[in-house]
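J.:
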């Protein structure tokens, strides 16, 4: 897994490439929750190049959403491939984690 960090319109955008699973979820959790704990309360995850997400990856996202809720923060996903979007739909994550088509749409949402 590779993660790129950019800032657009003052919002942290993390681009995730590859697989998000038990082999790297702890590293991703440290990065994501570390950003939240340092005051980032509006984040966008660009999953356009994400090939796979396991339950360990979903757990990291759930923890981030819970932490952001405390600070009235927001997290949005974008560019999610259809087969990964199905995972979010089947797991019920779409009820609390918005998925947008583009980075720009996500920036407006957070």
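Numbering (our numbering), first residue to last: 9 to 118.
Think of the CB as a built atom: it goes at the ideal place given N, C-alpha and C, for glycine as much as any other residue.
Tell me whether the beta-carbon of residue 44 lies closer than 8 Å to the beta-carbon of residue 81.
T.: Residue mapping note: residue 44 aligns to position 36 of the chain shown, counting from 1. Residue mapping note: residue 81 aligns to position 73 of the chain shown, counting from 1. Yes, Cβ-Cβ distance for residue 44 and residue 81 is below 8 Å.
J.: Once DSSP output is grouped into helix, strand and coil, what is the label at residue 48?
T.: Translated into positions along the chain shown, residue 48 becomes position 40. Looking at residue 48 - three-state DSSP - the assignment turns out to be coil, as it is neither helix nor strand.
J.: Pick helix, strand or coil for residue 54, following the three-state DSSP scheme.
T.: In the chain shown, counting from the first residue as 1, residue 54 sits at position 46. Strand at residue 54.
J.: DSSP beta-bridge partners for residue 16?
T.: Taking the chain shown and counting its residues from 1, the one referred to as residue 16 is at position 8. Partner(s): 19.
J.: Return the first residue and the last residue of the beta strand (DSSP E) that residue 83 is part of.
T.: Counting from one through the chain shown, the residue named residue 83 turns up at place 75. Here the beta strand (DSSP E) through residue 83 covers 82-86.
J.: With distances taken from CA atoms, which of 53, 98 and 32 is nearest residue 113?
T.: As a first step, residue 113 is located in the chain shown; it is residue number 105 there, counting from the start. Comparing Cα-Cα distances from residue 113 to each of 53, 98 and 32, the minimum goes to 53.
J.: Out of 26, 77 and 88, state which residue places its alpha-carbon closest to the alpha-carbon of residue 110.
T.: Residue 110 sits at position 102 when you count from the first residue of the chain shown. Comparing Cα-Cα distances from residue 110 to each of 26, 77 and 88, the minimum goes to 88.
J.: Rounded to a whole number of angstroms, what is the C-alpha to C-alpha distance between residue 15 and residue 51?
T.: The count along the chain shown starts at 1 and reaches residue 15 at position 7. The count along the chain shown starts at 1 and reaches residue 51 at position 43. Approximately 9 Å, taken between the alpha carbons.
J.: With a cut-off of 8 Å on the beta carbons, I'd call residue 36 and residue 86 a contact; round off their distance for me.
T.: Position 28 of the chain shown, counted from the start, is the residue given in the question as residue 36. Position 78 of the chain shown, counted from the start, is the residue given in the question as residue 86. That belief does not hold up - the Cβ atoms of residue 36 and residue 86 are roughly 17 Å apart, past 8 Å.
J.: Which of the three DSSP states is assigned to residue 59 in this structure?
T.: Residue numbering aside, residue 59 sits at position 51 when the chain shown is read from its first letter. Three-state DSSP puts residue 59 in a strand.
J.: Work out the CA separation of residue 64 and residue 115 for me, nearest whole Å.
T.: Position 107 of the chain shown, counting from 1, holds the residue named residue 115. Position 56 of the chain shown, counting from 1, holds the residue named residue 64. Answer to the nearest angstrom: the Cα atoms are 26 Å apart.
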